[in-house]
Amino acid sequence: MLKLRYSEYELECGTDEAGRGCLAGPVTAAAVILGHNLDIVNKQESFYKYHTSLNDSKQLSEKVRFELRPIIEETAFSFAVTHIYNVEIDEINILNASMKAMQESILKLKTIPNYIIVDGNRPLNGKLGLIQKNGKIFTPKETELLKSIPSTSIIKGDSKYVSIAAASVLAKTYRDEYMNQIHEEFPMYNWKKNKGYPTKEHREAIAKYGTTKYHRMTFKLLPDQLKLDL
């Protein structure tokens, strides 16, 4: 079973992202605060199911992820989700975009957390206030606020802590939902199935039909032996 918390702070936030390795679509992050009255919350049937079923979203079926999403949203003290779209990814790179998506999600929470735990091995607030043309621009106040919150990066945190696993599920399901929507606009890429990841089918469609407004143009969209006519 996953651990309920990492720190002793009352409002600990877990955050994670989905879609970092995709060729198209956004990178999506979520932030989740479970709250501090977990002795009470644990008595709720929905939370019991949520806590015992939860794991890194990649280890769960799509059906289970979408079943868990409303339970997470109903149980969490606060949660928020952010998409960083491909144009912004191309501008600031995927690592910065992933971090920024998590930072934006934290700023959207109804209460700013006392502590943050993030999946991965990089500091959450390594880069803030990036100079860019697209997307949200952090104000000096927001930058200082994010810098002021202590945080810890935890390798495979989404398989160790409930709040990170919950954020993983929200990030994955909201991103999948978005990819299902844009699939209707460009069905030939079959994003409903591959979600924009670099599958053989997706790359063959890029080779045949070219790129779309949703593709990440700074990514290696095709193997070296195939060329795009741009």
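The working numbering numbers the first residue of the sequence shown as 37 and each following residue consecutively.
Every residue gets a Cβ at the ideal spot worked out from N, C-alpha and C, and that includes glycine.
| query | result |
| --- | --- |
| Of the residues Cys58, Glu46, Phe115 and Lys163, the one placed nearest serine 204, counting alpha carbons only | Phe115 |
| Three-state secondary structure assigned by DSSP to isoleucine 242 | helix |
| Distance, threonine 188 Cα to threonine 175 Cα | 23 Å |
| Pair within 8 Å by beta-carbon distance, proline 186 and cysteine 49 | no |
| Nearest candidate by alpha-carbon position, reference phenylalanine 18, set Trp227, Asp52 and Thr209 | Nothing about residue 18 can be read from this structure; the chain reaches only from 37 to 266. |
| Close Cβ partners of threonine 147 (< 8 Å) along its chain, the five nearest in sequence each way excluded | Leu47, Ile69, Phe113 and Ser114 |
| Phenylalanine 222 in three-state terms, based on DSSP | coil |
| Cα-Cα separation between alanine 67 and lysine 236, rounded to whole angstroms | 32 Å |
| Coarse secondary structure for glycine 193, derived from DSSP in three states | helix |
| Beta carbon of alanine 65 nearer than 8 Å to that of alanine 207 | yes |
| Buried/exposed call for tyrosine 245, threshold 16 Cβ in 10 Å | exposed |
| Closest by C-alpha distance to glutamate 109, when choosing among Ser199, His251, Thr254 and Arg252 | Ser199 |
| Per-residue DSSP class, three states only, for glutamate 44 | coil |
| Per-residue burial, lysine 229 [other beta carbons within 10 Å of its own, 16 or more giving buried] | exposed |
| Glutamate 221 versus glutamine 95 - alpha carbon distance | 29 Å |
| Outcome for lysine 136 when other beta-carbon atoms lying within 10 angstroms are tallied against a minimum of 16 | buried |
| Rounded straight-line distance, which links the Cα of serine 134 to that of aspartate 194 | 15 Å |
| Beta-carbon proximity list for glutamate 53, same chain, < 7 Å, skipping 5 on both sides | Val63, Thr64, Ala65, Ser134, Ala137, Met138 and Ala207 |
| Ranges of the beta strand (DSSP E) found wholly within the segment 152 to 192, counting only runs of at least 3 | 187 to 190 |
| CA-to-CA distance, leucine 160 to alanine 202, given in whole angstroms | 18 Å |
| Cβ-based burial, tyrosine 231 [other Cβ within 10 Å; buried from 16] | This sequence places lysine at residue 231; tyrosine is not what is there. Lysine 231 is buried by the Cβ-count criterion. |
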